[in-house]
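Quick mapping for you: the protein sequence lines, in order, are chains A and B. Everything in the first sequence is counted per our numbering, starting at 12 for the first residue and increasing by one. Everything in the second sequence is counted per our numbering, starting at 796 for the first residue and increasing by one. Quick reminder that beta carbons are idealized off the backbone N, C-alpha and C, glycines included.
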Amino acid sequence: MEWEVVIGLEIHAQLATRSKIFSGAATAYGAAPNTQACAVDLGMPGVLPVLNAEAVRMAVKFGLATGCKIAPRSVFARKNYFYPDLPKGYQISQYELPIVAQGKLEIQLDDGVTKTIGITRAHLEEDAGKSLHEDFHNLTGIDLNRAGTPLLEIVSEPDLRSAKEAVAYMKKIHSLVRYLEICDGNMQEGSFRCDANVSMRPKGREKFGTRAEIKNINSFRFVERAINYEIERQTDLLERGGTVIQETRLYDANKDETRSMRSKEEAMDYRYFPDPDLLPVILDDGFIKATRKTLPELPDEKRERFVYQYGLTPYDASVLTSSRELADFFEATERASDGEAKLAANWVMGDLSGALNKANLDITASPVTAHMLGGMIQRISDDTISGKIAKEVFEAMWNGEGDADAVIEKKGLKQVTDTGAIEAAIDAVIANNPKQLEQYRSGQEKLFGFFVGQAMKATQGKANPALLNELLKKKLSA
Amino acid sequence: MHNKTIVELSADLRAKKYSSEELTRAFLARVEKFNPQLNALVTLTAEHALAAARSADARIANGTAEPLTGIPIVQKDIFCTLGVKTTCGSKMLDNFIAPYDATTVIKLKEAGTVMLGKANMDEFAMGSSNETSYYGAVRNPWDLSAVPGGSSGGSAAVVAARLAPAATGTDTGGSIRQPAALCGITGIKPTYGRVSRYGMIAFASSLDQAGPMARSAEDCAMLLGTMAGFDTLDSTSVDMPVPDYRATLNNSLQGLKIGLPKEYFGDGLDAQVGKVIDGAIKQYRALGAEIVEITLPNTMLSVPTYYVVAPAECSSNLSRFDGVRFGYRCKDPKDLADLYKRSRGEGFGAEVKRRIMIGTYALSAGYYDAYYAKAQQLRRLISEDFKQAFKHVDVIMGPTSPTVAFNLGEKLADPVTMYLSDIYTIAVNLAGLPGMSIPAGFVGQRPVGLQIIGNYFDEARLLNAAHKYQQVTDWHQRVPEGFK
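Structural data, given as structure tokens:
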């Protein structure tokens, strides 16, 4: 039988507020345990939550960017369960009335096809603390620095039909929240993670199969692997006549497998009810309009603009707009190059990205600035250097040897356009290679390349290639 | 000095008739003498008090004193007090010292009051007799075999026995008004949101409200003026200016429309209590008020509604007492589940456990709609009753409690009877209205309280009505035998 996978993602994006969602404690990552947890985060007796307006603004920005409905009235609810890193014995979340609902997002697939994925809802909630099971000699340590950190939980419709689609969707959300500057997207630090709901059904059937929920996956690669593992596991099970049970599973990256955590029967009754310590969040049109004005140009809009403004291919435009920083870098390079958009795109996507990848650096930490790269491109376009020499210039800039002009000057890389100098070099090459000259003249025209190479070598690569070709052709056929 | 009101003490302190330190020592001496028989205070803070009294004296000397500067008070042990044990009447918090002050505590501190200690109370404010306290029952100064009411029973006994001129209380279903009535003192539960709840250990968040308990409406007006106000730390506190409650105390009651809900005078009301209330109403008529019979048809629903809403909220509010970060922890837990079960099982008393279980049940999947959601609907109906009534009357009056103080142990074994003793006070919390209780007479030697219910944020009118009554009666000035 042919099977089809149905996937829905719940993405948890940590909102980039300075303080926590219900207290004034800082949210910075990596502080010593329990140094960023105040009485409210600790759930001390008598303390009360106060909603961080910035978290609300960020959730609304996300809603507006995905065409969601912004709820004029949303309600915080308590999700009750006991766990040592959950200080109050309940998590403040949103249940029946989330702040954002019913939107959609377009994703671009490898084959160039665009697919629309529904967003069911996005709601605000607080994160729990961390239980540390190592280093405590069979005891558990509790770090509450993360407790109360604002999260936006973004729930997709079950519209995804492959692990690749799921990754494309997750990447798109990742890019979007960073564009909106509402989440730093740092997956290693857990700022962006997801749960995947995966089920199988015979292809063509409408009814969904029983799903398993894979919890807390924190990399694109793991999402793809965990889903693919789950597809295989469930398909295998179904083909052998078994049934999938509804359960929560954990992805183990080391073993590349998912493992059962708890089944539906063991599922907790969270006893949700509206939190009486917090008033409903009422948002009026004025607030929503004002927030809309703060939205930056979004990835899709930017991509389209790159195509028509810079004449880039849709593919190049989509690569360059995959992050706001990369897009900004490209545009700054384009400006500094005096309008050489195509060259700027090639260099940013080519040599620069390659070097950044190799050095494991972010575009914002590039040792070659947009201004430097643009300056170098100007030297290419005004024929001061050739594209080949430019690679050498780029490498020198990367190594901190100054900007393009300084490198060209210092290393004497300026292209030779003096006809006399090039002619002299050609003459010497021809004189030194009588055998090749004879062969060439007797019809072996492919030897032309040999002469170009020799002549280039003689000018240390600095001869203007077009000029050299022209002069060489003339001399060889003379 | 212990028989003087705050207004009188404040004038005396200013006139340098005695210092705050002398006043404080005098009350501390009374506490030492009488507390053993009353058990009204669970923690004494004599040293703190004397230090505070001395700085109050300095303020009086340098002219920066406020009206409450130098006045000794007692805090209900539900308010977190920086560096001083806060138990909430529970074994669970027997070792708990808060690293912060409740907003109300800060406000009263800044006004210059002198905290003598912390008052006994029903465990986590759950009780109507002060018998559920881990620290033992409080006795009623008017009759030591009677309960003082609850949950602010310690506060009420302190004020009635003149161990302090005033105390703070909290009221979730009548916990200020009922003990005030049973101990013959004056207490006001303000409109929900009028006083910050920050640092006040939550029982039922949507119902809890703090207020003052004192010997006169005028003293309550002074205290409430200090306690009330918006607090950025409490999202449910209301950002409205606090009026000068003393300024309107002497307004005439001529033409004041008083509604008497017929449901508050029917079956269940002790006939003798009813007679006392009738007498008080006559007095109001004499003061020029107009009496109107009204109906609050959903009154009977208030007890069942309350006993879904309050336990539901408390079942969640009390989850933080898990033995992990503070409070009681069982000995040698063998695993996490054991830690939870035994810490909570051993740390909480019977009434608290009963309510946690009721609340947990009411919120459970499959029961939520039948209980919690239904209770919320009824709550709206009950509020609507009052809304209708206040279209026709200015205040509503009736008994605070259907009986005078009952005997210790009398209702402890029968929670439903105990719950029903709050029938006249509970609806006020469900609606979020302000309510007050003032002494209106006695049945035998046990006091009777008159309840005055007002419209939202109409505390000034309640205090005005109470004050005018107290100008022509002396019930509030009576002192229990043995505490003179």
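is_contact[residue i, chain A] using C-beta, thresh 9 Å
{"i": "Met995 of chain B", "result": "yes"}
{"i": "Tyr1251 of chain B", "result": "no"}
{"i": "Ala976 of chain B", "result": "no"}
{"i": "Leu1228 of chain B", "result": "no"}
{"i": "Glu1125 of chain B", "result": "Contrary to the premise, residue 1125 of chain B reads as Cys rather than Glu in this sequence. With 9 Å as the cut-off, Cys1125 of chain B does not count as an interface residue toward chain A."}
{"i": "Arg1120 of chain B", "result": "yes"}
{"i": "Thr963 of chain B", "result": "no"}
{"i": "Ser1159 of chain B", "result": "yes"}
{"i": "Cys1015 of chain B", "result": "no"}
{"i": "Arg1174 of chain B", "result": "no"}
{"i": "Pro894 of chain B", "result": "yes"}
Limits of the alpha helix (DSSP H) - the one that residue i falls within
{"i": "His843 of chain B", "result": "Ala841 to Asn857"}
{"i": "Val1098 of chain B", "result": "Ser1097 to Asn1112"}
{"i": "Pro445 of chain A", "result": "Pro445 to Arg452"}
{"i": "Phe340 of chain A", "result": "Arg335 to Ala347"}
{"i": "Asp807 of chain B", "result": "Ile801 to Arg809"}
{"i": "Gln105 of chain A", "result": "No alpha helix (DSSP H) contains Gln105 of chain A, which is instead part of the beta strand (DSSP E) from Tyr101 to Gln105."}
{"i": "Gly398 of chain A", "result": "Gly398 to Trp409"}
{"i": "Glu1179 of chain B", "result": "Lys1169 to Ala1184"}
{"i": "Val1087 of chain B", "result": "From DSSP, Val1087 of chain B is part of no alpha helix (DSSP H) but of the beta strand (DSSP E) over Glu1085 to Ile1089."}
Chain A residues whose Cβ lies nearer than 9 Å to that of residue i
{"i": "Leu1028 of chain B", "result": "Val51, Val58, Leu59 and Val61"}
{"i": "Leu1131 of chain B", "result": "Phe93, Tyr94, Pro95 and Thr151"}
{"i": "Thr1031 of chain B", "result": "Leu59, Pro287, Asp288, Leu289 and Leu290"}
{"i": "Ser1000 of chain B", "result": "Leu59, Asp286, Pro287 and Asp288"}
{"i": "Glu1141 of chain B", "result": "Here the premise fails: no neighbours, minimum Cβ distance about 16 Å."}
Residue nearest to residue i in terms of C-alpha spacing, selected from the options
{"i": "Ala806 of chain B", "options": "B:Ala846, B:Thr864 and B:Phe822", "result": "B:Thr864"}
{"i": "Asn197 of chain A", "options": "A:Ile184, A:Leu143 and A:Lys304", "result": "A:Ile184"}
{"i": "Ala469 of chain A", "options": "A:Ala477, A:Glu15 and A:Val440", "result": "A:Val440"}
{"i": "Asp311 of chain A", "options": "A:Thr305, A:Tyr319 and A:Lys304", "result": "A:Tyr319"}
{"i": "Thr221 of chain A", "options": "A:Ile32, A:Leu458, A:Glu15 and A:Gly464", "result": "A:Glu15"}
{"i": "Lys80 of chain A", "options": "A:Phe341, A:Met360, A:Arg303 and A:Ser274", "result": "A:Arg303"}
{"i": "Arg809 of chain B", "options": "B:Val826, B:Thr859 and B:Asn830", "result": "B:Thr859"}
{"i": "Lys1182 of chain B", "options": "B:Ile1089, B:Ala1168, B:Ala1105 and B:Lys1136", "result": "B:Ile1089"}
{"i": "Ile22 of chain A", "options": "A:Glu136, A:Asp121 and A:Leu75", "result": "A:Glu136"}
{"i": "Arg1080 of chain B", "options": "B:His1271, B:Lys1263 and B:Arg1137", "result": "B:Lys1263"}
{"i": "Glu176 of chain A", "options": "A:Gln47, A:Thr254 and A:Leu20", "result": "A:Leu20"}
{"i": "Leu163 of chain A", "options": "A:Tyr106, A:Lys126 and A:Arg172", "result": "A:Tyr106"}
Closer than 9 Å to chain B by CB, residue i
{"i": "Asp311 of chain A", "result": "no"}
{"i": "Pro161 of chain A", "result": "no"}
Listed by chain order, chain B residues near residue i by CB distance under 7 Å
{"i": "Arg273 of chain A", "result": "The contacting residues do not exist; Arg273 of chain A stays about 15 Å from chain B at best."}
{"i": "Pro98 of chain A", "result": "Arg1115 and Arg1120"}
Contact set between residue i and chain A, taken where Cβ atoms lie within less than 8 Å
{"i": "Tyr1102 of chain B", "result": "The premise fails here: Tyr1102 of chain B is roughly 16 Å from chain A at the closest Cβ pair, so nothing lies under 8 Å."}
{"i": "Thr1155 of chain B", "result": "Arg282"}
{"i": "Phe891 of chain B", "result": "Pro56"}
{"i": "Ala1023 of chain B", "result": "Ordered by position in chain A, no residue passes the 8 Å Cβ test against Ala1023 of chain B, which lies about 17 Å from the chain."}
{"i": "Tyr1167 of chain B", "result": "Phe284"}
The beta strand (DSSP E) enclosing residue i, as first and last residue numbers
{"i": "Tyr895 of chain B", "result": "Unbroken run through Tyr895 of chain B: none, as it is neither H nor E."}
{"i": "Ser329 of chain A", "result": "No beta strand (DSSP E) contains Ser329 of chain A, which is instead part of the alpha helix (DSSP H) from Pro325 to Leu331."}
{"i": "Lys141 of chain A", "result": "Lys141 to Leu143"}
{"i": "Gln47 of chain A", "result": "It is not in any beta strand (DSSP E) - Gln47 of chain A carries neither H nor E in the DSSP assignment."}
{"i": "Tyr262 of chain A", "result": "Glu258 to Asp263"}
{"i": "Glu21 of chain A", "result": "Trp14 to Gln25"}
{"i": "Ser210 of chain A", "result": "Phe203 to Pro213"}
Partner residues on chain B for residue i, Cβ-Cβ distance less than 8 Å
{"i": "Tyr101 of chain A", "result": "Ser1111 and Ser1114"}
{"i": "Arg89 of chain A", "result": "Ser1111"}
Residue i: CB within 8 Å of a non-hydrogen atom of the ligand NAD
{"i": "Cys883 of chain B", "result": "As far as ligands go, the structure on display features none, and thus does not contain the ligand NAD."}
Chain D contact for residue i (CB, 9 Å cutoff)
{"i": "Tyr929 of chain B", "result": "Absent here is chain D; the protein component of the structure consists of chains A and B."}
Cross-chain neighbours of residue i in chain A, by beta carbon under 7 Å
{"i": "Arg989 of chain B", "result": "Near Arg989 of chain B there are no residues of chain A at all, since even the closest Cβ is about 15 Å away, more than 7 Å."}
{"i": "Arg992 of chain B", "result": "Leu59"}
Inset, instruction - Decide if the stretch 834-843 of chain B is in contact with the stretch 908-919 of chain B; the criterion is three or more beta carbon pairs, one per stretch, under 8 Å apart. - result: yes
Legend entry - Sufficient close CB pairs (3 or more, under 8 Å) joining the stretch 898-907 of chain B to the stretch 1234-1245 of chain B: no
Inset, instruction - Determine contact between the stretch 888-902 of chain B and the stretch 841-855 of chain B, defined as no fewer than three beta-carbon pairs at a distance below 8 Å. - result: no
Legend entry - Meets three-Cβ-pair contact criterion under 8 Å: the stretch 274-286 of chain A and the stretch 77-91 of chain A: yes
Inset, instruction - Decide if the stretch 478-486 of chain A is in contact with the stretch 824-833 of chain B; the criterion is three or more beta carbon pairs, one per stretch, under 8 Å apart. - result: no
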